[in-house]
Amino acid sequence: MSSPQTILAAMTDVTLILQRIQGGQVEANDDLIPAVYDELFRLAVSKIKQERAEHKQFV
């Protein structure tokens with residue numbers, strides 16, 4: 001699990017990237033996905049594991 005400091009740093013990075021995009025820096029679009037991918041992947045894996053555990057309860 002990510003630490004609160006890691007999550008805060010990632011949120012700050014994403015905020016800065018979004019501000020750059022809003023400011024017209026089109027090349028900042030290429031920075032957005034790598035900035036959020038790892039955290040989104042971690043959340044997805046966690047959710048899938050949780051769903052599998054829930055499904056096992058009904059078997």
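When we follow the UniProt record's numbering, the leftmost residue of the sequence shown carries the number 1, and every step to the right adds one. Each residue gets a CB set at the ideal place from its N, CA and C atoms; glycine is no exception. This one's a predicted model, so the numbers in the text were calculated from it and none came from an experiment.
Where residue i falls: helix, strand or coil (DSSP)
i: residue 46; result: helix
i: residue 22; result: helix
Closest Cα partner of residue i within the set the options
i: residue 33; options: 4, 49, 15; result: 15
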